[in-house]
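Below is one structure, written out as structure tokens; the observations come after it.
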Amino acid sequence: MNLNLQGRKAIVCAASKGLGRACAFALAEEGVELVINARNAEALEQTAAAIRTATGVRVVAVPADITTEQGRTKVLAACPEPDILVTNAGGPPAGDFRDWDEQAWHDALDANMLTPIFLIKAVVDGMMARGFGRIVNITSGAVKAPIAVLGLSNGARSGLTGFVAGLARETVARNVTINGLLPGPFDTDRLHSVVAAEAERLEITPNEARERRMQANPAKRFGRPDEFGAACAFLCSEQAGFITGQNLLLDGGQYPGTF
Ligand code: NAD
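Residue 0 is where the sequence shown starts when you use numbering that gives the first Met the number 0, and the numbers rise one by one after that.
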């Protein structure tokens with residue numbers, strides 16, 4: 000299927016590793032020019048080089064903390080008129096809500112709610128004026144099925160999801176869609192650190208913890224980042240213009256509900 004994205008321009012945030020990287024790769028394979036971002040310049044440049052080598056597309060790497068205003072300004076300056084925006088940032092820490100002070104909540108809201116909202120604010124009017132825009136927010140399966148120890152994530156990402164649900168109905172008439180992609184367990188560094196912490200808590204080896212988690216999933220495995228990237232590329236396609244305000248869960252069937 001040709002997604003009709005050749006020559007489009009995308010900003011993909013937090014893309015040196017994991018799910019952001021996979022989205023960047025999948026878009027580049029469709030001929031999309033990229034501005035990619037992450038905090039670590041070296042890892043980001045390695046990813047940019049790998050994408051250029053594999054696909055031949057133009058990739059600009061902008062090292063910056065996307066959760067800061069300066070970081071967002073740098074990224075937007077490198078691509079002021081994107082056709083596609085993929086928002087992403089590291090997830091907040093797990094823990095007990097009794098231990099989280101006001102700053103912990105502000106940090107989570109900044110990273111996982113306000114950063115995507117400010118990025119959307121910066122690009123959405125231009126997309127509407129040009130008659131094409133695809134915005135994908137990488138959130139979490141926790142939006143649909145909250146995970147108690149990830150209270151900061153549950154709260155901040157639900158705020159983003161609620162905000163986007165309203166806006167997405169105002170932009171679609173101009174061919175600008177806004178959707179959430181909700182990862183369940185995907186085989187990335189983030190998941191490896193979650194599994195390592197679980198192993199320590201349960202006093203088992205990381206391999207055992209990994210195996211237990213995989214067996215608890217109906218698919219009996221973790222998701223592959225390239226599967227996530229492919230879903231992102233489809234939501235960004237010309238053909239996906241009638242899909243907006245949706246929250247697509249990619250979790251191997253872990254969420255037990257029908258809807
Ligand atoms: P990852 O740790 O593999 O990669 C995170 C990427 O984000 C890296 O490139 C890192 O450099 C970059 N990054 C982090 N903070 C940043 C910042 N402030 N500014 C710029 N770049 C930043 O993580 P991942 O598994 O790809 O997760 C991506 C998002 O999806 C996270 O918010 C995570 O909480 C969420 N998520 C992941 C899973 C999973 O199983 N992997 C499940 C649910 C939710």
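Note that beta-carbon positions come from the ideal geometry of N, C-alpha and C, so glycine has one too.
Check	Outcome
Option in Ala63, Ser157 and Arg71 with minimal Cα separation from Ala42	Ala63
Heavy atom of the ligand NAD within 6 Å of Lys16 beta-carbon	yes
Uninterrupted alpha helix (DSSP H) stretches inside the region 163-239 (no shorter than 4 residues)	188-201, 205-214 and 224-234
Close beta carbons around Pro81, own chain, < 7 Å, minus the five adjacent residues each side	Lys8, Ala9, Ile10 and Val122
Under the three-state DSSP convention, the category Arg38 falls into	coil
Residues that Ile242 bridges to, as DSSP identifies them	For Ile242, which the question treats as bridged, DSSP gives no partner whatsoever.
Residue nearest to Val171 in terms of C-alpha spacing, selected from Val31, Thr86 and Glu237	Glu237
Asp64 beta carbon near the ligand NAD (any heavy atom closer than 6 Å)	yes
Residues near Gly17 by beta carbon distance below 7 Å, same chain, minus five either side	Thr187, Asp188, Arg189 and Pro224
Nearest residue (CA-CA) to Leu181, options Glu207, Arg212, Glu169 and Glu226	Glu226
Any 3 or more C-beta pairs closer than 8 Å across the region 232-246 and the region 159-168	yes
Same chain, Cβ closer than 6 Å to Ala110, neighbours up to 5 away in sequence not counted	Thr66 and Ala88
beta-carbon Arg33 near the ligand NAD non-hydrogen atom, thresh 6 Å	For clarity, residue 33 is Leu in the given sequence; the question names Arg instead. Checking the Cβ of Leu33 against the ligand NAD gives no.
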